[in-house]
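Trainee: So that we are looking at the same thing, I have put the structure below in structure tokens.
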Amino acid sequence: MSFVVLACTDIRGEKLNVELPFREPPESLAEFYHILERVFRGEENDVRERMAETSMYPSEPFTVSRVQRYEEDTQTWLELNDVCELHLHDQLYVFRRHATKADISTQRDIPAPRRSSYFISCELGLANTVAELKPNLNRPWETSPSPPLPSSVPLRSGASGAPRDENLKTNSGTLQALPLHHTEYSVGVKGKSAHLSTMEHGYSNLSAVREHLSSEQVGVVFAVGDPNHRGYLTLRDFQGILNACEIQFPAKVVEEIYRCFAAERRGEAVMGFQDFQSFVQEFVQTASVAYTRLGVRARQRVIEQEQHDNAAAIDGLQAEKKALEGRLEVVQRQLTRENEREARLRNELDDLRGLDEADYRDQEQRLLDKEVVVFQYRQKLHQEENDYERLVAERRRRKPNASLGKIPVQIGASSYTPREYAVAAAAGRHDTKRSGSTFRGHGASIGASDAGNGREAGVVLRGGIPKRE
1 MSFVVLACTD
11 IRGEKLNVEL
21 PFREPPESLA
31 EFYHILERVF
41 RGEENDVRER
51 MAETSMYPSE
61 PFTVSRVQRY
71 EEDTQTWLEL
81 NDVCELHLHD
91 QLYVFRRHAT
101 KADISTQRDI
111 PAPRRSSYFI
121 SCELGLANTV
131 AELKPNLNRP
141 WETSPSPPLP
151 SSVPLRSGAS
161 GAPRDENLKT
171 NSGTLQALPL
181 HHTEYSVGVK
191 GKSAHLSTME
201 HGYSNLSAVR
211 EHLSSEQVGV
221 VFAVGDPNHR
231 GYLTLRDFQG
241 ILNACEIQFP
251 AKVVEEIYRC
261 FAAERRGEAV
271 MGFQDFQSFV
281 QEFVQTASVA
291 YTRLGVRARQ
301 RVIEQEQHDN
311 AAAIDGLQAE
321 KKALEGRLEV
331 VQRQLTRENE
341 REARLRNELD
351 DLRGLDEADY
361 RDQEQRLLDK
371 EVVVFQYRQK
381 LHQEENDYER
391 LVAERRRRKP
401 NASLGKIPVQ
411 IGASSYTPRE
421 YAVAAAAGRH
431 DTKRSGSTFR
441 GHGASIGASD
451 AGNGREAGVV
461 LRGGIPKRE
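At position 443 of the sequence shown (counting the first as 1) the number is 443 in the UniProt record's numbering, and the numbers step up by one without a gap.
Here you go:
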């Protein structure tokens with residue numbers, strides 16, 4: 001997984017924010033500063049060419065003075081004192097040494113980050129290739145911090161001693177037949193806030209790259225054949241560059257081109273950096289295609305790594321999604337149960353609220369009052385029953401001889417036995433009004449004093465009217 005940091009600085013009145021996708025964190029702060037300087041020097045050259053700047057005063061190459069890191073937790077800028085303080089996706093601001101007013105941008109906000117082709121150059125080894133060219137080559141540009149522009153490199157003769165133009169004419173039958181390989185690539189990648197530019201002005205503007213390669217870009221191609229930083233290329237190294245870029249020239253043609261631009265060194269024909277720049281000036285399209293393909297290859301490796309990381313992230317998210325779906329199903333079942341319980345409680349609460357209404361409470365109060373009244377009546381009835389039982393018991397204790405049950409009943413001036421009285425009453429042979437009033441009065445005394453005798457005689461007195469059972 002790549003270690004990505006964002007670096008912002010001011011160059012020629014513009015704020016540049018570049019994305020630096022390291023394969024792993026830098027080993028030291030000096031190495032990190034060196035990469036930043038290489039990247040922003042290349043970006044500054046692009047700004048100059050785009051603005052067609054013709055400055056009358058010397059400009060010091062971009063040199064890092066210090067770097068600050070934005071701390072999101074405290075929302076402050078902190079000094080970067082060690083590479084151990086770097087974190088993934090940190091936003092950095094790079095201060096330039098001896099910055100002028102022309103460099104400072106008036107823009108306050110940091111722009112969206114973008115990919116820098118010069119960081120890819122550093123990844124391919126440009127930083128060490130140019131700075132570590134061997135001094136024994138005795139080149140006039142070896143003391144310069146970066147190689148000269150192609151326009152300042154003098155034309156050199158071939159290894160055979162003849163001028164280059166003459167060699168080209170001599171071998172025109174072979175060299176004019178070399179393919180130019182006009183291959184169009186479109187590898188711009190649109191992302192959230194970054195895009196991949198071409199090695200010079202963006203892959204989307206490939207024609208501009210093929211018209212001219214800067215010394216930085218030439219160094220990228222040169223570094224492919226010189227991984228050990230010797231400062232020169234052998235025929236095998238030169239062939240390796242073409243093979244790495246998948247440029248298929250016949251072996252004889254490659255050897256002939258190499259002899260045209262190589263120089264003698266200790267009895268051996270080698271191609272130094274200046275010689276390689278001369279080759280680039282003559283074979284502009286070949287060098288452009290080689291450089292573009294190297295950039296595409298580098299970007300492909302980055303994308304493949306990002307795809308691998310993204311696939312792993314997708315797998316992890318899918319597993320997390322599956323776990324969340326299982327959890328969601330459990331939560332939904334629990335939510336359904338809680339909703340049912342809520343509905344049940346709501347219905348129960350509505351019923352309880354109905355019991356608390358005024359009408360219902362009045363009905364209940366009337367019922368309670370009735371219950372009290374019934375209780376009082378029951379108490380009174382119980383008391384009466386007790387009195388009745390007591391009187392009955394007392395009467396039984398005082399009951400006279402059973403023969404008294406045959407004593408005739410005296411009503412008015414007539415005397416009847418109970419049976420005869422019942423028959424006379426049924427036949428209507430006596431005065432109802434007189435005998436009724438008399439009997440009621442006399443019957444009451446009988447009920448009080450002779451109830452036992454009446455029961456033994458088979459007479460039941462109900463409402464004052466004798467009735468034979």
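The beta-carbon is built from N, C-alpha and C at its ideal position, and this holds for glycine as well.
Are there 16 or more other CB atoms within 10 angstroms of the CB of residue 368, so buried, or fewer, so exposed?
Mentor: When all chains shown are included, residue 368 counts as exposed.
Trainee: Would you mind reading off the limits of the alpha helix (DSSP H) that contains residue 45?
Mentor: Start and end: 29-51.
Trainee: Would you kindly check if the distance between the Cβ of residue 252 and the Cβ of residue 105 is under 7 angstroms?
Mentor: No, the Cβ-Cβ distance between residue 105 and residue 252 is not below 7 angstroms.
Trainee: Am I right that residue 92 and residue 29 are in contact with their C-beta atoms under 8 angstroms? What's the rounded C-beta distance?
Mentor: About 12 angstroms separates the two Cβ atoms, so there is no contact after all.
Trainee: Using the beta-carbon count (16 or more within 10 Å), is residue 324 buried or exposed?
Mentor: Exposed: under 16 other Cβ atoms inside 10 Å.
Trainee: Determine the contact status of residue 62 and residue 41, defining contact as a CB-CB distance below 7 angstroms.
Mentor: Yes.
Trainee: Can you tell me whether residue 473 is helix, strand or coil according to DSSP?
Mentor: A question about residue 473 goes unanswered here, because the residues of the chain that appear run from 1 up to 469.
Trainee: Could you tell me which residues DSSP puts in a beta bridge with residue 263?
Mentor: Looking at the DSSP assignment, residue 263 forms a beta bridge with 270.
Trainee: Have a look at 34, 396 and 231 and flag the residue whose alpha-carbon is nearest the alpha-carbon of residue 271.
Mentor: The residue with the shortest Cα to Cα distance from residue 271 is 231.
Trainee: What does the alpha-carbon distance come out to for the pair residue 151 and residue 309?
Mentor: Interpretation of residue 151 is limited by its pLDDT of 33, a score under 50 that renders its predicted location unreliable; the figure taken from the coordinates is listed afterwards. Their backbone Cα atoms lie some 43 angstroms apart in a straight line.
Trainee: Do the CB positions of residue 64 and residue 26 come within less than 7 angstroms of each other?
Mentor: No, the Cβ-Cβ distance between residue 64 and residue 26 is not below 7 angstroms.
Trainee: How many whole angstroms separate the CB atoms of residue 118 and residue 38, which I take to be in contact at a CB cut-off of 8 angstroms?
Mentor: Between residue 38 and residue 118 the Cβ distance is about 6 angstroms, and since that is below 8 angstroms, they are a contact.
Trainee: I believe residue 222 touches residue 261 by the beta-carbon criterion, under 8 angstroms. Please report the beta-carbon distance rounded to the nearest angstrom.
Mentor: About 12 angstroms separates the two Cβ atoms, so there is no contact after all.
Trainee: Going along the chain, which residues of its own chain have a beta-carbon closer than 8 angstroms to the beta-carbon of residue 333, five neighbours each way excluded?
Mentor: Correct list: empty, nothing qualifies.
Trainee: Per DSSP, which residues does residue 21 bridge with? Please list them.
Mentor: 4.
Trainee: Straight-line CA distance for residue 241 to residue 322?
Mentor: Their backbone Cα atoms lie some 49 angstroms apart in a straight line.
Trainee: With respect to the beta strand (DSSP E) encompassing residue 92, which residues constitute its N-terminal and C-terminal limits?
Mentor: Unbroken beta strand (DSSP E) run through residue 92: 91-96.
Trainee: Any idea which residues DSSP pairs residue 297 with across the strands?
Mentor: Looking at the DSSP assignment, residue 297 forms no beta bridge with any residue, so it has no partner.
Trainee: If we ignore side chains and look at the alpha-carbon of each, how far apart do residue 353 and residue 370 end up?
Mentor: Using only the alpha carbons, I get a separation of about 25 angstroms.
Trainee: Locate the alpha helix (DSSP H) running through residue 215, then write down its first and last residues.
Mentor: Residue 215 -> alpha helix (DSSP H) spans 215-225.
Trainee: Which residues does DSSP pair with residue 232 in a beta bridge?
Mentor: Note: residue 232 sits in a beta bridge opposite 272.
Trainee: By the three-class DSSP mapping on this structure, what secondary structure does residue 117 have?
Mentor: Three-state result, residue 117: helix.
Trainee: According to DSSP, residue 79 sits in a beta bridge with which residue or residues?
Mentor: Paired residues: 68.
Trainee: Check whether the Cβ atoms of residue 233 and residue 225 sit closer than 7 angstroms, and answer yes or no.
Mentor: Contact flag set, yes.
Trainee: As a quick exercise: from 81, 9 and 387, pick the residue whose alpha carbon is nearest that of residue 96.
Mentor: Cα-wise, what sits closest to residue 96 is 9.
Trainee: Can you name, in chain order, every residue of its own chain whose Cβ lies under 8 angstroms from the Cβ of residue 12, other than the five neighbours on each side?
Mentor: Same-chain partners within the cutoff: 44, 47, 48, 51, 53, 102 and 103.
Trainee: Starting from the Cα of residue 214, find the closest Cα among 277, 343, 36 and 227 and give me that residue.
Mentor: Considering only alpha carbons, the answer is 277.
Trainee: Taking Cβ to Cβ, would you say residue 19 is nearer than 7 angstroms to residue 111?
Mentor: Not in contact: residue 19 and residue 111 (Cβ atoms no closer than 7 angstroms).
Trainee: Taking a contact to mean a Cβ-Cβ separation below 7 angstroms, would you say residue 60 touches residue 68 in this structure?
Mentor: Contact: no.
Trainee: Output the distance between the C-alpha atoms of residue 136 and residue 264, rounded to the nearest integer angstrom.
Mentor: Only weak support is given to the placement of residue 136: the predicted model assigns it a pLDDT of 36, under 50, and the question is left unresolved by the model.
Trainee: Please state the DSSP three-state secondary structure of residue 15.
Mentor: DSSP places residue 15 in strand when its eight states are reduced to three.
Trainee: Can you give the Cα-Cα distance for residue 259 and residue 297, rounded to whole angstroms?
Mentor: Taking the straight line from one Cα to the other gives about 28 angstroms.
Trainee: Quick check: what's the CA-CA separation for residue 108 versus residue 337?
Mentor: Approximately 56 angstroms between the Cα atoms of the pair.
Trainee: Would DSSP call residue 62 helix, strand or coil?
Mentor: The answer is coil: DSSP assigns residue 62 none of H, G, I, E or B.
Trainee: May I have the straight-line CA-CA distance separating residue 363 from residue 372, to the nearest angstrom?
Mentor: Going by the C-alpha atoms only, they are around 14 angstroms apart.
Trainee: Identify the continuous alpha helix (DSSP H) that holds residue 398 and give its terminal residues.
Mentor: Neither: residue 398 is in no alpha helix (DSSP H) and is coded neither H nor E.
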